[in-house]
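Be aware that the sequence shown starts at 90, since it is given in my numbering, and climbs by one per residue.
The structure appears right after this line, and notes come after that.
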Amino acid sequence: MKKIDGISRRDFIRSSALLSYMFLPGIGRIHAQPAHLRNLRDYSGRLCYNENPLGPAPLAQAAIEDNASMAHRYPDWFSTGLENTIAGFHGIDADMICVGTGATEVIRLIADAFLNPGDELITATPTYFQISVEATANGAVSIHVPVEPNYIIDLSSISAAITENTKIISLVNPNNPLATIIHKDDMESFISALPAGVIVVVDEAYHHYVQTQDYESCLPYVLEGLPVIVVRTFSKVYGLAGARIGYSVASQELTGLIASSQLFGTVSRMSQAAAQAALDDTDHLNSTINENNMAMNILIDGFVNLGLSYIPSETNFIMVDVGTNAIPVRNQLADLGYLVRTGWDMPNYLRISTGTVAEMVGFRDALESILTLGLIEPIVIPRQFGLNSVLPNPFNARCRIDFSIIESGRVKLTVYDTLGRQIKSLMNSLLKPGQHKVDWDGKDSLGIPVASGIYILVLLQGELAANRSITLLK
Ligand SMILES: Cc1ncc(COP(=O)(O)O)c(C=O)c1O
90 MKKIDGISRR
100 DFIRSSALLS
110 YMFLPGIGRI
120 HAQPAHLRNL
130 RDYSGRLCYN
140 ENPLGPAPLA
150 QAAIEDNASM
160 AHRYPDWFST
170 GLENTIAGFH
180 GIDADMICVG
190 TGATEVIRLI
200 ADAFLNPGDE
210 LITATPTYFQ
220 ISVEATANGA
230 VSIHVPVEPN
240 YIIDLSSISA
250 AITENTKIIS
260 LVNPNNPLAT
270 IIHKDDMESF
280 ISALPAGVIV
290 VVDEAYHHYV
300 QTQDYESCLP
310 YVLEGLPVIV
320 VRTFSKVYGL
330 AGARIGYSVA
340 SQELTGLIAS
350 SQLFGTVSRM
360 SQAAAQAALD
370 DTDHLNSTIN
380 ENNMAMNILI
390 DGFVNLGLSY
400 IPSETNFIMV
410 DVGTNAIPVR
420 NQLADLGYLV
430 RTGWDMPNYL
440 RISTGTVAEM
450 VGFRDALESI
460 LTLGLIEPIV
470 IPRQFGLNSV
480 LPNPFNARCR
490 IDFSIIESGR
500 VKLTVYDTLG
510 RQIKSLMNSL
520 LKPGQHKVDW
530 DGKDSLGIPV
540 ASGIYILVLL
550 QGELAANRSI
560 TLLK
């Protein structure tokens, strides 16, 4: 057997294998991949739509599968079974519920029912925009009342904006994109002082995520017979965004008007079944809330470490001030596989939806590397992580090591001897994706020249690892 400086090739392979075992902790990737490496079904890193990263409620998924064999039959035309289930869930009459293809359809139905040319809609800004678009489409005027400096919807100014033409006041509570809530006492005073003829639509898409006791759903106002319409969705906490189901809760009279222009058969059989089952899946709901809380803590810790200010969130997304124009940061994050949102006339803010804990760790590291290393655009992301070359090899006085990384984050490059002992750390830093180089002068961490022989270079980043042998000849 060929011997290299007293070490047999078999020993070398064995020790490399040992190193591989020790330092190659699995081949699976946890972090989101750069967008260009993803296949179409890989949604990891999609932090821009406030979706549920845990997937659909398992009971809902089973219901979809059970009903797939009946896909050739039309569904319950007006989702009557589902409306009964939702009514039972809230303890109200079924004719107070109107189910639609997502809150999106329900919001359109509400606008169609109540907004006509000359009417006014009052809403906050920034907020979820759909109802304003529907108002404009119906010839009504949208009045946008800025939120308070603390980003909470300004109910006093909204009240002050009411005129005799006001038909709807739309409140998104918790608000999107700001993730703030209206204090329950403020809501109560506001609703109790409403002039006759004004309907308040409260979009509670993110109701389940709220942690503070200062918040309350507006459903009780509906039960009291007040002109309040609550909108809910199955897209968020129930994980059914792709199934498209939402509903409104309102008095029988208002519900009749909302439903009056709805087409029949809009909600599929599978979606109706999924929503019914989702309401029973409390395990999934609890896991979703737990994951959201953990994800939020990771994000907030990351923001605090970076000295970034953020708007405290009561939802599954959060606004953070990145201290600079957020658009290049958003683009850079997208290059690294994390899709987030900007806009709403808040130029320094990113809106980040929570993902799984693993996604959050990856996102936090990516944001850190972008903000601490500075932006270079455009960046060319290598297609593979790895040690590309060591030149010369064998080497005598000095060699140059070339390596590629495909996502931002902490990278370690270390020299070991064939017994697995650490000789020198060549790199332990936050790096951006790209080609990188580092030199080794054949000395150990104390600056003492090491003996001739074979050494192992180990490159590590998160779950990714690569190694390569290098020979020192004196
Ligand atoms: C506040 C708010 N309302 C409604 C919707 C739309 O819900 P759906 O998916 O049920 O159409 C969203 C979607 O993100 C939202 O943020």
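Cβ atoms here follow ideal geometry from the backbone N, Cα and C, with glycine treated the same way.
Quiz item: Does the beta-carbon of Glu403 have 16 or more other beta-carbons within 10 angstroms, so that it is buried, or is it exposed?
Solution: buried
Exercise. Using the Cα positions of Phe167 and Gly191, report the straight-line distance between them to the nearest angstrom.
Key: 14 Å
Exercise. Report the option in Thr169, Gly144, Asn141 whose CA atom is closest to the CA atom of Gln365.
Key: Per the Cα distances, Thr169.
Practice problem: Pick helix, strand or coil for Leu456, following the three-state DSSP scheme. | Solution: helix
Quiz item: With respect to 7 Å, is the separation between the Cβ of Asp201 and the closest non-hydrogen atom of ligand 3 below this value?
Solution: This structure lacks ligand 3; the ligands present are ligand 1.
Exercise. Can you give me the Cβ contacts of Thr174 inside the same chain, cut-off strictly under 7 Å, excluding the 5 residues immediately before and after it?
Key: Gln365, Leu368
Quiz item: Does ligand 1 have a heavy atom nearer than 7 Å to the CB of Gly335?
Solution: yes
Quiz item: When every heavy atom of ligand 1 is checked, does at least one fall within less than 7 Å of the C-beta of Gly144?
Solution: no
Practice problem: Taking Ala200 as the reference, give the member of Asp533, Val450, Trp529, Leu346 with the closest Cα. | Solution: Leu346
Quiz item: Whose C-alpha, out of Asp184, Gly542, Gln150, is nearest the C-alpha of Asp506?
Solution: Gly542
Quiz item: Just the Cα atoms here: how many angstroms apart are Lys325 and Glu172?
Solution: 19 Å
Quiz item: Roughly how many whole angstroms lie between the Cα atoms of Ala554 and Ile400?
Solution: Our two residues, Ala554 and Ile400, have alpha carbons roughly 37 Å apart in a direct line.
Quiz item: Based on the DSSP secondary-structure assignment, which residues constitute the bridge partners of Phe474?
Solution: According to DSSP, Phe474 bridges with nothing at all.
Quiz prompt | Asn405 beta carbon less than 8 Å from that of Tyr298 | solution = yes
Quiz item: Closer than 6 Å from C-beta to any heavy atom of ligand 1: which residues, in chain order?
Solution: Asn139, Gly191, Ala192, Thr193, Tyr217, Val261, Asn265, Asp292, Ala294, Thr322, Ser324, Ala330, Gly335
Quiz item: I think Gly328 touches Leu143, with their Cβ atoms under 8 Å apart; what is that distance to the nearest whole Å?
Solution: 6 Å
Quiz item: Where does Gln421 fall in DSSP's three states?
Solution: helix
Self-check item: Where Arg197 falls: helix, strand or coil (DSSP)
Solution: helix
Quiz item: Taking just the CA atoms, how far does Leu549 sit from Lys521?
Solution: 14 Å
Quiz prompt | Beta-carbon contacts of Ser398 that lie in its chain and below 7 Å, excluding the five residues immediately before and after | solution = Asp410
Quiz item: Of the choices Pro538, Ile258, Asn386, whose alpha-carbon is the least far from that of Val317?
Solution: Ile258
Quiz item: Buried or exposed: which applies to Arg510, given that a residue is buried once 16 or more other Cβ atoms fall within 10 Å of its Cβ?
Solution: exposed
Quiz item: Given a threshold of 16 other Cβ atoms within 10 Å of its Cβ, counted over all protein chains shown, does Ile247 qualify as buried or as exposed?
Solution: buried
Practice problem: Look at the alpha carbon of Asp243 and the alpha carbon of Gly396, and state the distance between them as a whole number of angstroms. | Solution: 28 Å
Exercise. Tell me, please, which residues DSSP counts as bridged to Trp529.
Key: Cys488
Practice problem: Tell me whether Leu535 is buried or exposed, calling it buried when 16 or more other Cβ atoms sit within 10 Å of its Cβ. | Solution: exposed
Self-check item: Cα-Cα separation between Ala540 and Lys513, rounded to whole angstroms
Solution: 13 Å
Exercise. Taking only the alpha-carbon atoms, compute the straight-line gap between Tyr544 and Ile495 and give it to the nearest angstrom.
Key: Distance from the CA atom of Tyr544 to the CA atom of Ile495, rounded to whole angstroms, is 25 Å.
Quiz item: In three-state DSSP terms, what is Lys55?
Solution: The shown model of the chain, from 90 to 563, leaves out residue 55, and the question about it has no answer.
Exercise. Please look up how many angstroms separate the CB atoms of Asn482 and Ile559, rounded, as I've assumed it's under 8 Å.
Key: 6 Å
Practice problem: Measure the CB-CB distance between Met408 and Arg453 and report whether it falls below 8 Å. | Solution: no
Practice problem: Could you check if Lys563 is buried or exposed, using at least 16 other CB atoms within 10 Å of its CB as the buried criterion? | Solution: With fewer than 16 Cβ atoms within 10 Å of its Cβ, Lys563 is classed as exposed.
Quiz item: So what's Arg358 in DSSP terms, helix, strand or just coil?
Solution: helix
Quiz item: Would the segment 223 to 232 and the segment 268 to 282 be scored as touching if the rule is three or more Cβ pairs under 8 Å?
Solution: Result no; under three Cβ-Cβ pairs closer than 8 Å.
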